[in-house]
Each structure stands twice: as C-alpha cells, then as structure tokens.
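In this note's numbering, the protein residues as written are 10 to 154. We put the beta carbon where it would ideally sit given N, CA and C, even for glycine. Just so we're clear, the structure is a prediction, and the values are computed from it rather than from any experiment. Worksheet: the structure to be examined is printed underneath.
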Amino acid sequence: MSDIKHPAVQQDIKISCLDPWGRTVEVPTTLGYRESDPYAVSLTFHSGTGDVEWVVSRTLMLQGLAAPAGEGDVKIYPSIDEDAKAVAVFDFSSPDGRLIATADSREVQMFLGKSFSAVPVGAESQHMDLDALIADLLGTSSDAE
10 MSDIKHPAVQ
20 QDIKISCLDP
30 WGRTVEVPTT
40 LGYRESDPYA
50 VSLTFHSGTG
60 DVEWVVSRTL
70 MLQGLAAPAG
80 EGDVKIYPSI
90 DEDAKAVAVF
100 DFSSPDGRLI
110 ATADSREVQM
120 FLGKSFSAVP
130 VGAESQHMDL
140 DALIADLLGT
150 SSDAE
C-alpha cells in the first residue's frame with residue numbers, strides 16, 4: 010500500500026499576507042491534496058519560525074473563487090489586487106489571531122483542477138480509508154494486524 014500521508018497533488022505558490030501593521034509580506038506556501046483525505050486541501054505556510062498548516066474543505070476553496078464562502082474560522086472570497094489581477098482572499102481566524110492572505114486565483118484554480126483530476130467531484134467517498142480513520146479516532150494502528 011502507498012503512503013497515505015503523501016500528497017497526491019502538491020503545488021508551491023506565493024501568498025501575500027497582511028502583517029499587523031497592514032504591510033504585505035510574501036510567504037512561500039504549499040497547497041496539498043491527499044486522496045486519503047479527499048474532502049480537504051491543506052495550505053502550509055513556510056515562515057521563518059516554522060511551518061503552519063491550515064486544512065480547509067476542497068469545496069469551500071472552489072466556492073470561494075467565485076463568491077464569498079465560509080463561516081467561522083475560515084472564509085474565502087474573490088477579489089482584485091492592486092494590479093487588477095484576480096485573487097482569492099483567505100481569512101483565517103483562531104484563538105491565537107487572524108490572518109488575511111491573498112493568492113493568485115489562477116494558481117488556486119490550477120491546483121484544484123489537478124485535485125479534481127486525482128479524485129473527481131462525487132467520487133470522494135470511494136477514496137476514504139474508513140478502517141484507517143476509525144483506527145486514528147480510537148488511537149490504534151490498523152498496521153498492527
């Protein structure tokens with residue numbers, strides 16, 4: 010069996026983040042998608058103090074490219090940057106703070122297109138490893154058998 014933690018789709022992009030003083034800071038970021046977690050995508054921000062990963066719904070990311078989407082901790086919506094380029098705005102909130110970041114919409118669309126090639130919409134449940142999920146929830150290993 011292949012390593013289920015290895016991303017089926019991975020794409021490095023630059024994301025622009027607003028710092029606490031309203032300045033834009035470029036942060037190298039990796040978008041990731043694993044067939045073993047077919048409903049989710051990850052954004053891993055690579056900063057000088059270490060990596061920070063946010064996991065969001067693949068559907069939410071797709072919806073947020075066209076119209077405001079999300080409630081609570083994660084909101085995604087389309088916008089136009091100062092150079093009149095289409096961007097996706099990611100608004101993340103946590104007890105530790107808030108991050109507003111923008112990414113080139115075309116790069117996000119390309120990444121999502123690759124994820125849909127790996128696992129088409131509607132086929133996600135066929136890629137779920139329920140035994141592994143249950144083992145994770147129970148704190149046991151399905152490899153122990």
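Nonlocal neighbours in the same chain, by C-beta distance under 6 Å from LEU121, ignoring five residues either side: On the sequence shown, position 112 is the one that residue 121 refers to. Cβ neighbours of LEU121 beyond the five flanking positions: LEU71.
SER56 versus LEU146: straight-line alpha-carbon distance, rounded: On the sequence shown, residue 56 is found 47 positions in, with the first residue counted as 1. On the sequence shown, residue 146 is found 137 positions in, with the first residue counted as 1. Distance between the alpha carbons of SER56 and LEU146 is about 30 Å.
CA nearest to the CA of LEU19, picked from ALA97, ALA49, TRP30: Within the sequence shown, the letter at position 10 stands for residue 19. The sequence as given places Gln at residue 19; Leu does not occur at that position. Among ALA97, ALA49, TRP30, the Cα nearest to that of GLN19 belongs to ALA49.
Supposed close pair TYR42, SER124 - CB separation, criterion 8 Å: In the sequence shown, the residue the question calls residue 42 occupies position 33. In the sequence shown, the residue the question calls residue 124 occupies position 115. Distance from TYR42 to SER124 at the Cβ level is roughly 4 Å; contact confirmed, criterion being Cβ atoms closer than 8 Å.
Test: ALA93 CB closer than 7 Å to a CB of chain D: Protein chain content of the structure displayed is limited to a single chain, and chain D is not contained in it.
CB contact flag (ILE22, ALA110, <7 Å): On the sequence shown, residue 22 is found 13 positions in, with the first residue counted as 1. On the sequence shown, residue 110 is found 101 positions in, with the first residue counted as 1. Against a cut-off of 7 Å, the Cβ pair of ALA110 and ILE22 comes out as no contact.
Inter-residue CB distance, ASP113 and VAL96 (contact presumed, cutoff 8 Å): Within the sequence shown, the letter at position 104 stands for residue 113. Within the sequence shown, the letter at position 87 stands for residue 96. Right, their Cβ atoms sit about 6 Å apart.
LEU108 vs PRO87 beta-carbon contact at 7 Å: Locating residue 108 in the sequence shown gives position 99, where the first residue counts as 1. Locating residue 87 in the sequence shown gives position 78, where the first residue counts as 1. PRO87 is positioned such that its CB atom lies no closer than 7 Å to that of LEU108.
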